[in-house]
Amino acid sequence: MPDTENATDKVRVNLGRRSYDILVGDGLLPQAGELLLPLLKRKRLAIVTDENVAGFHLASLAAVLDANGIEHASLILNPGESSKSYAGLQQVCEFLLASGIERNDVVIALGGGVIGDLAGFAAGVLRRGVRFVQIPTTLLAQVDSSVGGKTGINSPHGKNLIGVFHQPSLVLADLDLLKTLPKRERAAGYAEVAKYGLLGDAAFFDWLDQRVEEVIACDTDAVRKAVRRSCEMKADIVAQDETETGVRALLNLGHTFGHALEAATGYSNRLLHGESVSIGMVQAFRFSGALGLCDPHLGDHAERHLKRAGLPTRVSGIPGEVPPPARLLEIMHQDKKASGGKLVFILARAIGETFVARDIAEKDVLDFLEKDRRAS
């Protein structure tokens, strides 16, 4: 669809009977009632959100639901990764049960990646599967975590180690909601946008190189194209490999390195997920260069681009103490992509050309981490 004001773009995730649409555009929240009605067996649903999002958007959503005669109950959680826990999962499940949510009802995940992952996981296990709708309020969630059905919580052993694949019934990516985000959150989300270009679309990355500041500023046309193209790429990959047995693993570019840093910093505000992905992607390109897989200068190119977005690109950019490389390597072994005791990395041959590497020697990883730390 053309980039015209107030247009809504539709991206289809083709999964047979579980196919669904991602709607991308301005002013979708005010249309949520009419968009949700076709999904409801009865006019009743539950909303899971957090304190930050509730302050900006919950009243607006509630008013729209009321206007359409849809009953609703709301749970407001603490913001941040700490809610993606066993305790958080129990809280959401008990809320949904107390609210009388049945298998044919709908759960709304109103928030960023944490809320989407947590509410989606709760919906996936409640009564062995309740439908849910993603209304992502962050750039990161709109381009990545709200699409594809990965849901879960964190463990002290690592990020997203407990979860299920549970596809949403609809994703409403309202670009207007991005305007309430602080710049740091927009930048963190941008890391996932850049990821799509780096992993599989060099032309998209070149376009982003010309538009990075506009996307970060949420310029309407630029952010619309960035979100739409990111969703198109993810939808295509998910349709090919829903449960990550093959090509979907490419979406984890930078995540083996990044998730270890997140775990090492306690899933805290010291390092947002997108910031960890930014550092991890630069490390993935530098590691690929060190192994002779790609031009060693590509890491510099990726780093310059991500710095323009205001993102950290080195371990030294993380506030406070970060554990030594040996500890990071130990954490990596808990990564959900690890197989047969072996680490799995997404490495690069070029910008836009990545692959899954399953035969990387631990010594090479450790040597790289130590050299990278010294160079930071």
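Using the numbering used here, the first residue of the sequence shown is number 3, and each one after it goes up by one. By construction, the Cβ of each residue, glycine as well, lies at the ideal position given by its N, Cα and C atoms.
Proximal residues to A190 (C-beta, below 7 Å), its chain only, five neighbours per side dropped
So the list reads L142, L274, H275, G276, E277, once near-sequence residues are dropped.
Taking C-alpha atoms, which residue in R288, A196, A359, L308 lies nearest to K373?
Nearest option by C-alpha distance: R288.
In this structure, what does DSSP give as the bridge partners for F206?
The partner list for F206 (beta bridge, DSSP) is empty, contrary to what the question assumes.
For R375, which residues in the same chain have their Cβ closer than 7 Å to its Cβ, ignoring the five residues on either side in sequence?
Excluding the 5 residues flanking it on each side, R375 has same chain C-beta neighbours closer than 7 Å at V317, P327, in chain order.
Would you grab the beta carbon distance between L120 and L91 for me? Rounded to a whole angstrom, and I think it's under 8 Å.
Indeed, because the Cβ distance is near 7 Å, the residues count as touching under 8 Å.
Excluding five sequence neighbours on each side, which residues of the same chain lie with their C-beta closer than 7 Å to the C-beta of R272?
The answer, listed in chain order, is I320, P321, G322.
Which residue or residues does DSSP assign as beta-bridge partners of K378?
Checking the sequence, you will find Ser at residue 378 rather than Lys. The partner list for S378 (beta bridge, DSSP) is empty, contrary to what the question assumes.
Take A224 and list the residues in its own chain whose beta-carbon comes closer than 6 Å to its own, dropping the five residues that flank it on each side.
Within the same chain, A224 has close Cβ partners R213, E216, V217.
Just the C-alpha distance for D208 and S378, rounded to the nearest angstrom, thanks.
Computed Cα separation, rounded: 26 Å.
Give me whichever residues DSSP pairs with G27 in a beta bridge.
Note: G27 sits in a beta bridge opposite T10, D176.
I'd like the span of the alpha helix (DSSP H) that includes Q33, first residue to last.
Looking at the DSSP string, Q33 is not in any alpha helix (DSSP H), and its letter there is neither H nor E.
Within 10 angstroms of the Cβ of Y198, are there 16 or more other Cβ atoms? Answer buried if so, exposed if not.
By the 16-neighbour rule on beta-carbons within 10 angstroms, Y198 is buried.
C-beta atoms of E244 and V13 nearer than 8 Å:
No.
Inter-residue Cα distance where the pair is A363 and L37
The alpha-carbon atoms of A363 and L37 are separated by roughly 50 Å.
Measure the CB-CB distance between V50 and L77 and report whether it falls below 8 Å.
Contact: yes.
Residues that T153 bridges to, as DSSP identifies them:
When beta bridges are read from the DSSP output, T153 appears opposite V166.
At which residues does the beta strand (DSSP E) containing A111 begin and terminate?
Counted as a single uninterrupted DSSP element, the beta strand (DSSP E) harbouring A111 occupies residues 108–113.
Nearest-angstrom Cα separation, counted from S147 out to G115
Rounded to whole angstroms, G115 to S147 spans 6 Å at the Cα level.
Burial state of T6, where buried means 16 or more other Cβ atoms lie within 10 Å
With a pLDDT of 42 at T6, under the threshold of 50, the modelled position of this residue cannot be trusted; read the value that follows with caution. Per the 10 Å Cβ criterion, exposed.
Per DSSP, D52 is paired with what?
Answer by DSSP bridge pairing, in chain order: L79.
Excluding the 5 residues preceding and the 5 following H299 in the sequence, name in chain order all residues of the same chain whose CB lies nearer than 8 Å to its CB.
Spatial neighbours of H299 in its own chain (CB-CB distance under 8 Å, excluding positions within 5 residues in sequence) are listed in chain order as G291.
Under the DSSP definition of a beta bridge, which residues are partnered with A359?
Per the DSSP secondary-structure output, A359 pairs in a beta bridge with F347.
If you draw a straight line from the C-alpha of R310 to the C-alpha of V132, how long is it?
When rounded, the distance between both Cα atoms is 41 Å.
Nearest by alpha-carbon distance to A61: which of L41, P32, E264 is it?
Closest option to A61, Cα to Cα, is P32.
Take P184 and list the residues in its own chain whose beta-carbon comes closer than 6 Å to its own, dropping the five residues that flank it on each side.
Nothing listed; no residue qualifies.
State yes or no: is the C-beta of L47 within less than 8 Å of the C-beta of I110?
Closer than 8 Å, so yes.
Note down the Cα distance separating S21 from L99, rounded to an integer number of angstroms.
So the two alpha carbons sit approximately 27 Å from each other.
If you draw a straight line from the C-alpha of Q169 to the C-alpha of D302, how long is it?
Distance between the alpha carbons of Q169 and D302: 37 Å.
Residue environment, A89, which counts as buried when at least 16 other CB atoms sit within 10 Å:
With fewer than 16 Cβ atoms within 10 Å of its Cβ, A89 is classed as exposed.
Tell me, to the nearest whole angstrom, how far the beta carbon of V279 is from that of E194; I am working on the premise that it is less than 8 Å.
V279 to E194, Cβ: 6 Å. Contact.
Which whole-angstrom value is the C-beta distance of Q381 and G154, which I expect to be below 8 Å?
Missing from the structure shown is residue 381; the chain here goes from 3 to 378 and no further.
Which one or two residues does DSSP pair with Q285 in a beta bridge?
Per DSSP, Q285 has no beta-bridge partner at all.
Who are the Cβ neighbours of L42 in its own chain at under 8 Å, not counting the five residues just before and after it?
When the five nearest sequence neighbours on each side are left out, the beta carbons in the same chain lying within less than 8 Å of the beta carbon of L42 are those of I72, D107, V108, in order along the chain.
Using a 10 Å radius around the Cβ and a threshold of 16 neighbouring Cβ atoms, would you call N16 buried or exposed?
N16 counts as exposed, since fewer than 16 other beta carbons sit within 10 angstroms of its beta carbon.
Select from I353, F134, L253, S341 the residue whose C-alpha is nearest the C-alpha of D211.
The alpha carbon of D211 has as its nearest neighbour, out of I353, F134, L253, S341, the alpha carbon of I353.
So K236 and V149 are in contact, right, with Cβ under 8 Å, and what is the actual spacing, rounded?
K236 to V149, Cβ: 5 Å. Contact.
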